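Everything on this sheet refers to the single structure shown next.
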């Protein structure tokens, strides 16, 4: 189920613990969003706790937090679009 997957992926990739899912931001499933494979990405807004620390070093090499005003320009795949949807409060099915 989605909640269990969010808990697992959040911890594996950031070391953070899921407290509560606040809302669904979007489901991103366009065949060309990831050149390696056709993937489905579910983006949620959530409350979390803990310290950021990569757990799955085979999949993730680094994790960082940024101020909203200083987000990097070189995000992978369609993550810039996903952040835009989050900040505008939209719920997207794409």
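Numbering (the numbering used here), first residue to last: -7 to 86.
Each residue gets a CB set at the ideal place from its N, CA and C atoms; glycine is no exception.
Just so we're clear, the structure is a prediction, and the values are computed from it rather than from any experiment.
*Inside the stretch 15 to 82 only - beta strand (DSSP E) runs reaching at least 3 residues*: Runs of the beta strand (DSSP E) spanning 3 or more residues and lying entirely within the stretch 15 to 82 occur at 33 to 41, in chain order.
From this set, 18, -2, 5, which residue's C-alpha is nearest residue 77's C-alpha? Measuring from the Cα of residue 77, the nearest candidate turns out to be 18.
If I'm right that residue 55 touches residue 44 with Cβ under 8 Å, what's the distance once you round it to whole angstroms? By a beta-carbon distance limit of 8 Å, residue 55 contacts residue 44. Their separation comes to about 5 Å.
### Query
If you drop the 5 nearest sequence neighbours on each side, which residues of the same chain put their C-beta closer than 6 Å to that of residue 74?
Here the set comprises 35.
Original post:
Can you tell me where the alpha helix (DSSP H) with residue 2 in it begins and where it stops?
Top reply: It spans -6 to 6 - the alpha helix (DSSP H) in which residue 2 sits, taken as one unbroken run.
Please name the residue in 67, 80, 47 whose C-alpha comes closest to that of residue 25.
-> Sorting 67, 80, 47 by C-alpha distance to the C-alpha of residue 25 places 67 at the top.
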